[in-house]
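Residue numbers (my numbering): 4 to 190.
C-beta: ideal position from N, C-alpha, C; glycine also.
Before any comments, here is the structure.
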């Protein structure tokens with residue numbers, strides 16, 4: 004994990020960045036109120052058609068059924084250019100609270116796919132509970148695979164490509180039920 008502002012490496016439990024002192028409250032004070040975000044697919048740019056959103060929601064629901072601890076959120080938004088995209092992604096992920104109040108820290112299994120079409124930038128941000136399984140290089144590779152679709156304005160196609168890659172990646176790191184199973188009296 005690294006600071007979304009200055010890119011200094013951080014521990015997941017660090018209260019603030021030791022280099023620039025960034026915290027979520029300071030980020031919120033800097034960036035202001037979150038945009039209104041719809042669950043699952045939030046497209047404030049209106050570049051996704053209603054049909055595309057319906058198909059994407061269906062695909063996300065399939066993935067979440069296979070991995071019930073997972074919460075997937077897609078956000079397409081035009082962010083102000085005066086701050087790094089990574090800072091905006093950190094702000095949306097933490098402020099959006101996609102996994103819910105009870106799913107914090109190691110229990111946060113949310114995945115945010117954030118796109119800013121006007122900047123030409125995208126990111127995948129995993130919750131702390133997924134970071135050890137989903138390496139930054141692998142997530143960046145999924146974004147690279149979607150790049151050609153996004154460069155030609157085929158936003159839904161690129162998101163589908165990322166979702167397919169995430170599905171395969173999650174399958175490869177999943178613990179089979181028979182190995183993760185509970186003993187009597189355990190959940």
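Cβ distance (whole Å) where residue i is taken to contact residue j below 8 Å
{"i": "residue 137", "j": "residue 172", "result": "7 Å"}
{"i": "residue 149", "j": "residue 132", "result": "Actually they do not touch by this definition, with Cβ atoms about 24 Å apart."}
{"i": "residue 95", "j": "residue 59", "result": "18 Å between Cβ atoms; not a contact."}
{"i": "residue 44", "j": "residue 50", "result": "The pair is not a contact, with the Cβ atoms about 11 Å apart (cut-off 8 Å)."}
{"i": "residue 144", "j": "residue 130", "result": "Wrong, their Cβ atoms sit about 20 Å apart, outside the cutoff."}
DSSP three-state assignment for residue i, whether helix, strand or coil
{"i": "residue 129", "result": "strand"}
{"i": "residue 43", "result": "coil"}
{"i": "residue 56", "result": "helix"}
{"i": "residue 2", "result": "Past the boundaries of the shown model lies residue 2; the chain is included only from 4 to 190, so the question cannot be answered."}
{"i": "residue 174", "result": "helix"}
{"i": "residue 3", "result": "The question about residue 3 has no answer here: the residues shown for the chain are numbered 4 through 190."}
{"i": "residue 67", "result": "helix"}
{"i": "residue 85", "result": "coil"}
Delimiting residues of the alpha helix (DSSP H) encompassing residue i
{"i": "residue 119", "result": "Here residue 119 belongs to no alpha helix (DSSP H); instead the beta strand (DSSP E) covers 113-119."}
{"i": "residue 98", "result": "88-99"}
{"i": "residue 141", "result": "139-154"}
{"i": "residue 28", "result": "27-34"}
Start and end residues, beta strand (DSSP E) containing residue i
{"i": "residue 75", "result": "74-79"}
Residue i versus residue j - alpha carbon distance
{"i": "residue 16", "j": "residue 125", "result": "25 Å"}
{"i": "residue 48", "j": "residue 97", "result": "21 Å"}
{"i": "residue 90", "j": "residue 8", "result": "6 Å"}
{"i": "residue 22", "j": "residue 63", "result": "37 Å"}
{"i": "residue 87", "j": "residue 80", "result": "14 Å"}
{"i": "residue 25", "j": "residue 14", "result": "13 Å"}
{"i": "residue 176", "j": "residue 154", "result": "30 Å"}
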